[in-house]
Amino acid sequence: MNFIEIPGLPRSKACLAIVDGRIEARIEEAMAKQGIALIKTEKHQGVHDAISYHPDVMLHHLGGRYMVYAPETPCSTLDRLRDFGLILIKGETALTHDYPGDSAYNVARVGGHAFHNTRYTDPVLRRELEKRGVDLIHINQGYSKCSICIVDQKSIITGDKGILKATGKKEIEVLHVEQEDNIVLTGFKYGFIGGSTGLLDTTRLAFSGNAGSLKSYAAINEFIKSRGMEIFSLCDGPVKDIGSIIPLAVSR
């Protein structure tokens, strides 16, 4: 097992990922069939119940073995990460119930760039990104990881116009889609495309439901296919925002 050096971008077949501990059994089974072991989060007590298990709210993978975590992240979640060999760095910012107090670690990493509303970025996470030479770019969206579906180092999908503008300046190709109000996030009007997706390898983008149910499916499918990739729906039924599917390691 080798840890993924560029967060979110496995260079071969993923074998380990962290996911919302409440995911449906059929998603878990689909991941197991792909040979992917799962670290399932426990509830973070500080945030809204709808996102309280979301890995992209309480954790940020820096690349390799390193990960920043929010204070009060459940010990059981941290212990599981350590069991797999992750080196954990505690952040300074305690998460709170309402936005933007729950967004300090929800930074979107796209290759050598990171996008976030830098007014809310946890200072420890900021320093760790700077140490690694990552270009942290301010956008108005605090839920940036939720809002960005990472396709490859130079390609993303988003429904956020501010992200479209900021990423375009960095020569990142962007498919801008309508905000998908049929992505389910219980307790909120809708969820986000970044929070419902994750890469399984260099050619497959997984969705946490039937991607064909999305209004922008045709455009998304064309964008993905143009990169020699394919969509992989993990189950039937609506796509759900599960706080991202975060691959951590690949098979040797």
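Going by UniProt numbering, the sequence shown opens with residue 1, and the numbers climb by one from there. For every residue, glycine included, the Cβ atom is placed at its ideal position computed from N, Cα and C.
Whole-angstrom distance between residue j and residue i, CA atom to CA atom
i	j	result
Y99	K189	14 Å
I18	I39	5 Å
K225	A218	10 Å
Q153	K13	17 Å
M229	R252	22 Å
I87	H44	20 Å
Q179	P71	31 Å
H176	G191	16 Å
V134	E29	35 Å
F115	I137	5 Å
I150	S216	16 Å
Range covered by the alpha helix (DSSP H) that runs through residue i
i	result
T167	161-168
Which of helix, strand or coil DSSP assigns to residue i
i	result
V57	helix
D152	strand
P247	strand
K215	coil
I157	strand
T77	helix
S103	coil
A30	helix
R204	strand
E130	helix
G191	coil
V177	coil
Which residues DSSP lists as bridging residue i, in chain order
i	result
V19	K40
H113	V110, D135
E222	In the DSSP output, where bridge partners are listed per residue, E222 has none listed.
S233	F207
Close Cβ partners of residue i (< 6 Å) along its chain, the five nearest in sequence each way excluded
i	result
E42	G21, P74, S76, T77
A37	L16
G64	F3, E5
Cβ-based neighbour list, residue i, same chain, cut-off 7 Å, excluding 5 preceding and 5 following
i	result
E24	C235
T186	A50
Enclosing beta strand (DSSP E) for residue i [first to last residue]
i	result
S144	Counting along the chain, S144 falls outside any beta strand (DSSP E), though it belongs to the alpha helix (DSSP H) covering 144-147.
K90	87-90
M67	66-69
G198	197-199
Spatial neighbours of residue i in its chain, beta-carbon cut-off 8 Å, leaving aside the 5 residues before and after
i	result
S97	Per the sequence shown, residue 97 should be read as His rather than Ser. Cβ neighbours of H97 beyond the five flanking positions: G46, V47, H48.
residue 288	Nothing about residue 288 can be reported from this structure: the residues present for the chain run from 1 to 252 only.
G35	K13, C15, S251
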